[in-house]
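Just so it is clear: in the sequence shown, position 69 is 69 by full-length UniProt numbering, and no numbers are missing.
As C-alpha cells, the structure follows; a few thoughts come after it.
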Amino acid sequence: MNWHIRKAELKDANELQECMFLAYSEYEDRINVETLPPLNVDYKDEISSFPVWVVEVNNNVIAGLILSFEENNASLANIAIHPDFQGKGLGKFLLNFAEKEAITKGYSDIHLATHALFTENVLIYNKLGWVVLNEDETKVYMKKCLR
1 MNWHIRKAEL KDANELQECM FLAYSEYEDR INVETLPPLN VDYKDEISSF
51 PVWVVEVNNN VIAGLILSFE ENNASLANIA IHPDFQGKGL GKFLLNFAEK
101 EAITKGYSDI HLATHALFTE NVLIYNKLGW VVLNEDETKV YMKKCLR
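So this is what it looks like as C-alpha cells:
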C-alpha cells in the first residue's frame with residue numbers, strides 16, 4: 001500500500017473526524033463510542049493546538065495521529081486508522097513515527113491511555129514494548145521507554 005504521512009491542515013478536520021469516527025465504530029459492540037473523548041472534540045481546534053498528522057492514500061485521509069508534548073511528558077493523545085486500512089502495518093508505522101517525534105524533542109519516554117475494553121490494543125502495545133503503569137475502571141495507562 002502506498003500511503004504518506006504529513007502534518008494536518010485545518011482543511012483536513014472533517015475528513016480526520018470521519019476517519020476517527022469510523023475507526024472507533026469498530027468498538028460499538030463494547031461501548032457507546034459517541035461518548036469517547038476523541039469523538040467529541042473539534043478537530044480544527046486539535047489541529048490548531050497540537051501536533052497532528054494525517055496519513056493519506058489517493059488524497060484521502062485514512063489515519064490520524066495526535067501527540068501532546070508538555071514540559072515533562074510526551075503523550076500519544078490519539079491514533080486511529082480507518083477500518084479498511086487496519087491490519088496492514090499502518091498502526092506500527094504510526095507508533096514508530098510518534099516515538100521518533102518524541103525522541104527528536106528530547107523525551108526519554110512516551111505515554112498513552114486506552115480504554116480498558118479495547119483489550120486487543122493493550123496486547124498490541126505490549127507486543128511493541130509498552131508497559132502498563134496503572135489501570136482504573138475505564139482506562140489503561142501505558143508507557144514506553146525510548147532510550
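C-beta: ideal position from N, C-alpha, C; glycine also.
For residue 9, the three-state secondary structure derived from DSSP is coil. A distance below 8 angstroms separates the beta carbons of residue 105 and residue 69. Under the rule that a run must span 3 or more residues, the beta strand (DSSP E) segments found entirely inside the segment 25 to 59 read 52 to 57. With the rule of 3 Cβ pairs closer than 8 angstroms, the segment 123 to 137 does not count as touching the segment 51 to 71. The C-beta of residue 107 has 16 or more other C-beta atoms within 10 Å across all chains shown, which makes the residue buried. Residue 81 is positioned such that its CB atom lies closer than 8 angstroms to that of residue 91. Distance from the CA atom of residue 53 to the CA atom of residue 85, rounded to whole angstroms, is 16 angstroms.
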